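Here's the structure we're looking at; comments come further down.
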Amino acid sequence: MNQAAGTRLAAQLNRLVDFAPVLIALLLALVVSSVLLVALNADPLAAFGFMLEGAVGTENATAETLVKATPILFVGIGITVAFRGGMINIGGEGQMIAGALAGTTVALVLGDARVPAEMAKTPGAFDLIIVTSALIGGFLAGALYGGLAGFLKAYFGVNEILSTIMLNQIAVQMMNFLLNGILLDPAVAGFNNIPKTARLVTAAQLPRLALPLGDPWIFARTRLHWGLVLAIALAVVIYIFLWRTSLGYRIRAVGENERASSYAGIHVKRQMMLSMFLAGGFAGLAGVVQVLGLQYRLQTDGSPAGFTAAAGFNGIVAALFGGLNPIGAIPASAFFGGLLVGAQKMQREIGVPASLITAVNGLIVVFVVSSEIFILQRSKRRVSLQETNTPIDTPDKSGGSEDTPLNPPVGTGGSDTPLYPPDKSGGRRDSGSEEAG
Amino acid sequence: MGLDDIFTASVFASAIRLATPYIFAALGETFAQRSGVLNLGVDGIMLMGAFGGFYAVHLAQTAGVMAEPLGLLMGVLVALIVGGLMGLAMAFVSVTLKAKQGISGIGVYLFGLGLSELLFQQWVGTPKSVAGFPRISFPILTDIPILGEIFFHHNLLVYVAFALVPLSAFVLNRTTFGLMIRAVGQNPEAADAMGVSVTRVRYATTTIGGMLAGLAGASLSIALINLFQQNLTAGQGFIAVALVYFGGWRPLTVAAGAMLFSFVNALQLQIKVIGADIPSEFAVMAPYVITIIALVFATKRQEQPTALTKPYERGE
């Protein structure tokens, strides 16, 4: 074995160890939830069996898992951008609502509009315009809502964790107000008090998704919709954005080391707002896609998670579980979608409440961030290794114009940097005030 | 309908009552943050404390084995223990394992949210109320018009909460322990060099914070609302964290912030009661809007503990 091959092997092994926190977290969560189940007089093996069966046991179960995974993935992509940029965005819930409100309004208004004469000749053209406009509207509303928290952080030093939590509550109330008021379905006004909009016309709906295999097509009779494809495509786009463009590099640089980025001439405040803007935009997409692809109307039971089903929080868990990498978020979201769907089966079969999953999700978050310490220790070792040896990682290629003295240890994957930016969660009031640009 | 209908004595009284959980939780969080630990899991800990306290009282009262005051005391104890344990876990995660605090706190929150609901559904099932802390009637004082209703007709935990405010200020500003807390939060290196154990102090404050968060939860479930249900706190723990920033990490101003917040809340409820022409959704959202605005000004004005959210690493 020559030396180059040995180095490559070492790099491969290193990359494997990068998933250590996720694996450790998964293992620990499995152990703790088994203990919980035993304490509740339930057989863990039976419980996990029913969960697996409920998640992927049938064609419909698998589709439901993917349906549940879709908003989680959208939010997870956004959370990945925010966390990579050093912004701890807890506002997925509120941003989803903002996106759903705006997107649904666009879809309702355009759905009522008359098809322009020249478009009537090409069937589907106007449908595409309605859906696209609604998606863009949802993205922008979520983005502005998230960007607001970024702005408050950048220019007023308001801790983004706190502001996004407050904005969540405000969004819920705003939705209740609008759904009981101007957005209320005229058909039900005065009859019942379920706050919901009118149903979208077919032209404004995202089409169902089926795989052309077998007869009938796989998933043809399920609720699976094209939102999933959009989410996966955007995950790839954001991966490229973060690791192959200079703008993405700047966002990550600010997340890695705000001060150094500022010395290197990066406009720190602008990157803060941008990462929150994008994070909010993806959460907004999650919201509007739920309406366009699944529910065909915006409705809530008035409770905080009445519309979102807590996808804004679960997206955080998925993002962490995916190693703060948009590609990693894809399987992570599917996993959590499966957990949520499978838990319902478990609840039906052996009576263990599905809220077990919320608790387990919390544990996974704690375990992932706690096992970070092993990565940090390893990267320290690697730094000392690099001082004496040839570097394992090639220098960052994505820097573009930002060829800074920072040179963060970024390879091609991005999974080999510590998951979190150092010391960023506290909302330091001096945080953007020292930027050079 | 005039201002007299809105600013009634009962509004002031309920503002004081509603402030109780915020004061407990925010004081506990003040201790943790002054030592450099941001515990964002307060809401989850409150939920666990609320459930633990409720369940203990519920058991005691359905079994009827204990005198009522003893059962309530049990409830408080259970809430303190449950909260303390979760605080301890948070300390282990953020001090020993040096996990990023903003995110691990969200994990603790989700854990508390899920587990309290799980245990409630499994052990209790449907919402049931318990006989909580009764209101205390003081001789003479309670009978004073207006002032009696506002100040002298509350349950025991309300008075405990308000008594803790000056006590916390005293501990933080006038005792050796308080000095150690502030030193560890402001300059852990120097504190360490002086022989103060950064780890031990942070464990202590985070555990105290957890206990007070547990008590805050119990003050809802066995004193203010007297029942438990899914997500009983509805985000009050997060407000408590915001109040610490808003109050500039000082117990007296933190408590003042809690009072302001609960006063707006009480007003909001009153506006609903008298049916004023304001959409109830806007009334409900008002406290959150005000909190954001307050944070805009508070963070300009205040200095936060320098080492907040920074795990301590001994230099080599």
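Heads up: the protein sequence lines correspond to chains A and B, in order.
Counting from 1, one number per residue, gives the positions in the first sequence under the numbering used here.
Counting from 1001, one number per residue, gives the positions in the second sequence under the numbering used here.
A virtual CB, placed ideally from N, CA and C, is assigned to each residue, including glycine.
On a predicted model such as this, the values are computed, not experimentally measured, just so you know.
Per DSSP, reduced to three states, the secondary structure at H1153/B is coil, with no helix or strand assignment. Contact between the region 1234-1243 of chain B and the region 1018-1035 of chain B is present, with at least three C-beta pairs closer than 8 angstroms.
Under the Cβ distance rule, I1292/B counts among the residues neighbouring chain A, one pair being separated by less than 7 angstroms. Between the alpha carbons of P123/A and K345/A lies a gap of roughly 42 angstroms. Membership of P71/A in the alpha helix (DSSP H) is indicated by the continuous run E59 to R84.
For K196/A, the three-state secondary structure derived from DSSP is strand. Under the 10 Å beta carbon count, E256/A is surrounded by 16 or more other beta carbons and is classified as buried. L179/A is positioned such that its CB atom lies no closer than 7 angstroms to that of L292/A. Between P186/A and K196/A, the alpha-carbon positions lie close to 10 angstroms from each other. The way I'd put it, the region 1243-1256 of chain B doesn't touch the region 1056-1064 of chain B; fewer than three beta-carbon pairs between them come closer than 8 angstroms. Under the DSSP definition of a beta bridge, L1085/B lacks any partner. Apart from the 5 residues on each side of it in sequence, I1023/B sits with its Cβ closer than 6 angstroms to the Cβ of A1161, A1255 and A1258 in its chain, given in chain order. Residue-level contact by beta carbon fails for L1088/B and chain A, as no gap is shorter than 7 angstroms. The beta carbon of L1227/B does not come within 7 angstroms of any beta carbon belonging to chain A, so the residue lies off that interface. The way I'd put it, the region 239-253 of chain A does touch the region 271-279 of chain A; three or more beta-carbon pairs between them come closer than 8 angstroms.
In this chain, the alpha helix (DSSP H) harbouring M1211/B covers V1198 to S1219. Taking a C-beta distance under 7 angstroms as the contact criterion, M1074/B and I1045/B do not qualify as a contact pair. With 16 or more neighbouring CB atoms inside 10 Å of its own CB, D1043/B falls in the buried class. Annotation for Q1270/B: the continuous alpha helix (DSSP H) segment containing it runs P1251 to V1273. Residue nearest to E64/A within the set G85/A, N361/A and S333/A is S333/A (criterion: CA-CA distance).
DSSP lists L211/A as the beta-bridge partner residues of I218/A. Interface residue (Cβ-Cβ distance to chain B less than 7 angstroms): N176/A is classified as such. According to the DSSP assignment, R1135/B belongs to no alpha helix (DSSP H), since it is labelled neither H nor E.
Secondary structure note for Y1109/B: its alpha helix (DSSP H) is the uninterrupted segment Q1101 to L1119. Contact annotation: the region 1276-1295 of chain B does not touch the region 206-215 of chain A, with fewer than three C-beta pairs closer than 8 angstroms.
Neighbours of K1098/B in chain A, taken as residues at a C-beta separation under 7 angstroms, are given in chain order as I373. Less than 7 angstroms divides the Cβ of L278/A from the Cβ of V81/A. Distance between F1177/B and N1187/B, taken at the CA atoms: about 15 angstroms. Considering only beta carbons, the part of the region 1095-1121 of chain B lying closer than 8 angstroms to chain A consists of L1097, K1098, A1099, K1100, Q1101, G1102, I1103, S1104, I1106, G1107, V1108, Y1109, L1110, F1111, G1112, L1113, G1114, L1115, E1117, L1118 and Q1121, in chain order. In this model, G1209/B and A107/A are separated by some 48 angstroms (Cα to Cα).
The way I'd put it, the region 144-154 of chain A doesn't touch the region 229-240 of chain A; fewer than three beta-carbon pairs between them come closer than 8 angstroms. Take V32/A, set aside five residues on each side of it, and the residues of its chain with a beta-carbon closer than 7 angstroms to its own are L363, in chain order.
Residue contact check for N257/A against chain B: no CB pair falls below 7 angstroms. DSSP, reduced to helix, strand and coil, places H1058/B within a helical segment of the structure shown. For S163/A, the secondary structure class from DSSP, reduced to helix, strand or coil, is helix. Under the Cβ criterion of 7 angstroms, L1295/B is counted among the residues facing chain A.
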